[in-house]
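Novice:
2 protein chains.
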Amino acid sequence: MHLFSEKEIREVVGLNEKALSLIEEGFERLAEGAVSQPQVARVDLADKNGEVDIKTAYIRGLETFAIKISSGFFDNEKYGLPSLGGMMMLLSTETGVPQALMHDNGYLTDVRTGIAGALAAKYMAPASVNTCGVIGTGAQARFQVEALRLARGFDRVLVYGRTPEKVETYKKEMEEKLDVPVEAASSPEEVVKESEVVITTTPSKEAIIKKEWLHPKLHITAMGSDAEHKQELDPNIFQAADIVACDVYSQAVEMGELHHAKQAQMIKDPKQILEMGPLVKGEVSGRTSDQQITVCDLTGTGVQDTAISVYAYQTLKANGKGQEYQS
Amino acid sequence: MHLFSEKEIREVVGLNEKALSLIEEGFERLAEGAVSQPQVARVDLADKNGEVDIKTAYIRGLETFAIKISSGFFDNEKYGLPSLGGMMMLLSTETGVPQALMHDNGYLTDVRTGIAGALAAKYMAPASVNTCGVIGTGAQARFQVEALRLARGFDRVLVYGRTPEKVETYKKEMEEKLDVPVEAASSPEEVVKESEVVITTTPSKEAIIKKEWLHPKLHITAMGSDAEHKQELDPNIFQAADIVACDVYSQAVEMGELHHAKQAQMIKDPKQILEMGPLVKGEVSGRTSDQQITVCDLTGTGVQDTAISVYAYQTLKANGKGQEYQS
């Protein structure tokens, strides 16, 4: 079994076309029925303010598949530890024998989540984007905006965060990374009104984006909600939008924005909601006119985890990383 | 993170009172509502004749919990590999940080499954057992019978298997291990009729034990079925028995003998079916008279996995086993 550390993984695996195309292919296989993906298994450690999610998917045709363990322990600060952690186990699809343990502490999840955002934009954002707006200043506020460049160019970033210091750090870091101006907005409303693409990346438990702020030629990707109690979008948005999509409906309607949209009876016909698989496969159309308002709800799928893990494993081996554990 | 190999684990972890009491406590916590245990996540790799199950449970009060990956790839013989494999990841219940990877290839599952059988017998078998009958000659036919001694003494073992060579090997091995005579039966019927405790340990897809063979003072533990297509007991047995129990009803009714019993409409009132948690906690009574017929359906639970992993981790560390992986 190969063991890979977060440091090694960060050194060679990043946001790029190759990773995007592997995740895109994963979603194509999903649309073809060539994926076995059980429901997310969640362990609640309520008295510890902790939770662990397990995601996995077998994608036919790949040599390995991933079982991903993601942890969130929200009192970890008192131990000087990050809240989020995780790792991926890679098993042979031929024999089940473990091939690799990637102790990435959630880095690969950040990469594959950013890429799902890029795919949402690829099929749903307007052809030309001037301003990319982002709500939140954490890791995904960085990954999503950087990944968007795999799908669309943009001339500026408009960011809203509640903590001025974090906004300042974000601005500095991202201006250097992207070489476009990053400006601080005074409200989520300003972000939405001035952007063609808006990405919400918060752990919010109530709606941040209101329906009233929507405008023609807007695409929203909401990726913050991955549990039934999380929410970033006003449910009315799902009725106002011209096109609504998600990664996997059965999951988004349990864990994502669509959960709240359904509860608020804003989903008239589930069949009208597009899924990433048919979208990337071209079986359905995303945006069909420049003036449409589009929304995509991302909850994160095992397909993405297996796809990114296969990419990472190939890249890590090609770069001579890792160490062997003979068990 | 500590890494432990199958060899190291086998050297120091076995069937004993300490492991039994930890698993018993795990079931007590489950009965108290102090366990968070999601449904089993299953990945089907149908075109590879493979399947992977993921089980986990957080037991309040313990320092770590296990996420167990079990694989079954039934064409592995062509690669000279065993069909079954697996490992356990241990995470801190305080921070979610991975503490250990136990690459046990399913050994700890064998141990904890044997112990669940011992617990079933402890609460349900008649006080005095002359003959322990076992159907099957594989690993669990060994572990179950050995573990039974933690709950009941017995004077002989009666084994039925379809392959004479395997029966012969079983007989030799177990006579040496247990120091009681092991006899080969000519049929499952003979096993049932001559035993007070019968344990079924096969991957059968149709009933092996018939209702007509039941007799007073019989206890049956059926542990072979852990998927909806597997079955060892005639569903009528569930109506004929005086007491029916299982490890966890919600799981057994999906994956165990109770699945078939329910389909055959042999479960009149699910509340009549005892669960291991209340049984070990003394909230309900198992066998109350010597002449009763009792049946226990075991499917294997995350609680057992976490309990055995905690025991194994303590024991391995105390014996200086394992190696450190600094990731």
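Each protein sequence line maps, in turn, to chains A and B. Going by the numbering used here, the residue at position 245 of the first sequence is 299; the numbering climbs one at a time, nothing skipped. Going by the numbering used here, the residue at position 316 of the second sequence is 370; the numbering climbs one at a time, nothing skipped. Note that the Cβ used here is the ideal one computed from N, Cα and C, for glycine as well.
1) State the DSSP-derived secondary structure class of Gln383/A, mapped to helix, strand or coil.
2) For a contact defined as C-beta to C-beta under 9 Å, what are the partners of Tyr379/A on chain B?
3) Would DSSP call Pro324/A helix, strand or coil?
4) Check for me: the beta strand (DSSP E) holding Val188/B runs from which residue to which?
5) Taking Ile108/B as the query, report the chain A residues whose CB atoms sit under 9 Å from its CB, ordered along the chain.
6) As a quick exercise: from Tyr367/B, Ala318/B, Val307/B, Leu328/B, pick the residue whose alpha carbon is nearest that of Thr353/B.
7) Going by the CB atoms, is the gap between Gln153/A and Lys271/A shorter than 9 Å?
8) Just grab the DSSP bridge partners of Met143/A for me.
9) Between Ile108/B and Ser124/B, is the Cβ-Cβ spacing less than 9 Å?
10) Give me the residue from Tyr379/B, Cys350/B, Glu329/B with the minimum Cα distance to Ala175/B.
11) Give the straight-line distance between the Cα atoms of Glu286/A and Thr185/A, rounded to the nearest whole angstrom.
12) Going by DSSP, what residue range makes up the beta strand (DSSP E) through Asp107/A?
13) Taking 6 Å as the limit between beta carbons, can you name the residues of its chain near Lys225/A, skipping five residues before and five after?
14) Using a Cβ-Cβ cut-off of 9 Å, state whether Lys373/B counts as contacting chain A.
15) To the nearest angstrom, how far is it from the Cα of Leu155/B to the Cα of His56/B?
16) Just to confirm, are Met178/A and Ser363/A a CB contact at a threshold of 9 Å?
17) Could you pull the start and end residues of the alpha helix (DSSP H) that Ser59/B belongs to?
18) Nearest by alpha-carbon distance to Lys265/A: which of Ala295/A, Gly168/A, Asp233/A is it?
19) Taking Gln194/A as the reference, give the member of Glu248/A, Ser279/A, Ala239/A, Ser240/A with the closest Cα.
20) Touching or not, the stretch 234–253 of chain A and the stretch 199–211 of chain A, by the rule of three or more beta carbon pairs under 8 Å?
21) State the Cα-Cα distance for the pair Thr254/B and Phe197/A, rounded to the nearest angstrom.
22) Which of helix, strand or coil does DSSP assign to Asp351/A?
23) Verify the CB distance criterion: does Arg206/B have a CB-CB separation below 9 Å to chain A?
24) Would you mind reading off the limits of the beta strand (DSSP E) that contains Gln285/B?
25) Just how far apart, CA to CA, sit Phe292/A and Thr163/A?
26) Could you please give the first and the last residue of the uninterrupted alpha helix (DSSP H) stretch that includes Glu237/B?
27) Throw me the rounded Cβ distance for the Val66/B and Leu370/B pair, which I believe falls under 8 Å.
28) Against Met143/B, what residues of chain A qualify as contacts under a CB-to-CB distance less than 7 Å, listed in chain order?
29) Going along the chain, which unbroken runs of the beta strand (DSSP E) with 3 or more residues stay wholly within the stretch 219–275 of chain A?
30) Could you tell me how far apart the beta carbons of Gln358/B and Ala170/B are, in whole angstroms, since I believe they sit closer than 8 Å?
31) Going by DSSP in three states, Asp98/A sits in which element: helix, strand or coil?
32) So that I know if they touch, is there some Cβ in chain B lying closer than 9 Å to that of Thr255/A?
33) Since Ala299/A contacts Ile327/A with CB under 8 Å, what's their CB separation in whole angstroms?
34) For Gly104/A, return the contacting residues in chain B, with the cut-off set at a CB-CB distance below 7 Å.
35) Going by DSSP, which residues form a beta bridge with Ala318/B?
36) Just how far apart, CA to CA, sit Arg216/A and Pro242/A?
Specialist: Answer, in terms of the structure:
1) There is simply no residue 383/A to check, as chain A begins at 55 and stops at 381 in what is shown.
2) Your numbering for residue 379/A matches position 325 in the first sequence. Residues of chain B with a Cβ closer than 9 Å to the Cβ of Tyr379/A are, in chain order, Leu57, Ser59, Leu155, His157, Gln377, Tyr379.
3) Along the first sequence, one-based indexing puts residue 324/A at 270. Pro324/A falls in the helix class under three-state DSSP.
4) Start at 1 with the first residue of the second sequence, and residue 188/B comes out as number 134. Here the beta strand (DSSP E) through Val188/B covers 185–189.
5) Within the second sequence, the letter at position 54 stands for residue 108/B. Scanning chain A for C-beta atoms nearer than 9 Å to the C-beta of Ile108/B yields Pro92, Ala95, Ile108, Thr110, Ile121, reported in chain order.
6) As a first step, residue 353/B must be located in the second sequence, where it is residue number 299. Among Tyr367/B, Ala318/B, Val307/B, Leu328/B, the Cα nearest to that of Thr353/B is on Val307/B.
7) On the first sequence, residue 271/A is found 217 positions in, with the first residue counted as 1. On the first sequence, residue 153/A is found 99 positions in, with the first residue counted as 1. No; because the gap between Cβ atoms is not below 9 Å, this pair is not in contact.
8) Your numbering for residue 143/A matches position 89 in the first sequence. When beta bridges are read from the DSSP output, Met143/A appears opposite Ile121/A, Leu155/A.
9) Start at 1 with the first residue of the second sequence, and residue 108/B comes out as number 54. Start at 1 with the first residue of the second sequence, and residue 124/B comes out as number 70. In this structure, Ile108/B places its C-beta atom within 9 Å of the C-beta atom of Ser124/B.
10) As a working note, residue 175/B is residue 121 in the second sequence. Nearest of Tyr379/B, Cys350/B, Glu329/B to Ala175/B, Cα basis: Cys350/B.
11) Working through the first sequence from its first residue, we reach residue 286/A at position 232. Working through the first sequence from its first residue, we reach residue 185/A at position 131. Straight-line Cα distance between these residues: approximately 20 Å.
12) Taking the first residue of the first sequence as position 1, residue 107/A is located at position 53. Boundaries of the beta strand (DSSP E) harbouring Asp107/A: 104–113, taken from the DSSP string.
13) Residue mapping note: residue 225/A aligns to position 171 of the first sequence, counting from 1. Its chain contains Val236 as the residues whose beta carbon lies nearer than 6 Å to that of Lys225/A, once the 5 sequence neighbours on both sides are disregarded; these appear in chain order.
14) Taking the second sequence and counting its residues from 1, the one referred to as residue 373/B is at position 319. As written in the sequence, residue 373/B is Asn, which differs from the Lys given in the question. Cβ-Cβ to chain A under 9 Å: no for Asn373/B.
15) For the purposes of this step, residue 155/B is taken as residue 101 along the second sequence, with counting starting at 1. For the purposes of this step, residue 56/B is taken as residue 2 along the second sequence, with counting starting at 1. Whole-angstrom Cα-Cα distance: 6 Å.
16) Position 124 of the first sequence, counted from the first residue, corresponds to residue 178/A. Position 309 of the first sequence, counted from the first residue, corresponds to residue 363/A. Contact: no.
17) Start at 1 with the first residue of the second sequence, and residue 59/B comes out as number 5. Per DSSP, Ser59/B lies in no alpha helix (DSSP H) segment; the continuous beta strand (DSSP E) that holds it begins and ends at 56–59.
18) Along the first sequence, read from residue 1 onward, the residue named residue 265/A stands at position 211. Nearest to Lys265/A by C-alpha distance, out of Ala295/A, Gly168/A, Asp233/A, is Ala295/A.
19) Residue mapping note: residue 194/A aligns to position 140 of the first sequence, counting from 1. Among Glu248/A, Ser279/A, Ala239/A, Ser240/A, the Cα nearest to that of Gln194/A belongs to Ser279/A.
20) Verdict: yes, contact present.
21) Here residue 254/B refers to the residue found at position 200 of the second sequence. Here residue 197/A refers to the residue found at position 143 of the first sequence. Each residue's Cα considered, the two are about 53 Å apart.
22) Within the first sequence, numbered from 1, the residue matching residue 351/A stands at position 297. Strand.
23) Sequence index remark: in the second sequence, residue 206/B carries index 152 (1-based). By this cut-off, Arg206/B is not an interface position.
24) In the second sequence, counting from the first residue as 1, residue 285/B sits at position 231. For Gln285/B, the enclosing beta strand (DSSP E) covers residues 285–287.
25) As a first step, residue 292/A is located in the first sequence; it is residue number 238 there, counting from the start. As a first step, residue 163/A is located in the first sequence; it is residue number 109 there, counting from the start. Distance between the alpha carbons of Phe292/A and Thr163/A: 26 Å.
26) Sequence index remark: in the second sequence, residue 237/B carries index 183 (1-based). No alpha helix (DSSP H) holds Glu237/B; the beta strand (DSSP E) holding it covers 236–238.
27) Mapped onto the second sequence, residue 66/B falls at position 12. Mapped onto the second sequence, residue 370/B falls at position 316. Confirmed, Cβ separation roughly 6 Å.
28) Mapped onto the second sequence, residue 143/B falls at position 89. Residues of chain A passing the Cβ test: Ile123.
29) Listed in chain order, they are 236–238, 251–254.
30) What you label residue 358/B is simply residue 304 of the second sequence in a count that begins at 1. What you label residue 170/B is simply residue 116 of the second sequence in a count that begins at 1. Between Ala170/B and Gln358/B the Cβ distance is about 6 Å, and since that is below 8 Å, they are a contact.
31) Stepping through the first sequence from its first residue, residue 98/A is reached at position 44. Judged by DSSP in its simplified three-state form, Asp98/A adopts strand.
32) Here residue 255/A refers to the residue found at position 201 of the first sequence. Not one beta carbon of chain B lies nearer than 9 Å to the beta carbon of Thr255/A.
33) In the first sequence, the residue the question calls residue 299/A occupies position 245. In the first sequence, the residue the question calls residue 327/A occupies position 273. That pair is a contact at about 7 Å.
34) Along the first sequence, read from residue 1 onward, the residue named residue 104/A stands at position 50. Gly150, listed in chain order.
35) The residue labelled residue 318/B in the question sits at position 264 within the second sequence. Answer is none; Ala318/B lacks a bridge partner.
36) Here residue 216/A corresponds to residue number 162 of the first sequence, with the count starting at 1. Here residue 242/A corresponds to residue number 188 of the first sequence, with the count starting at 1. Whole-angstrom Cα-Cα distance: 10 Å.
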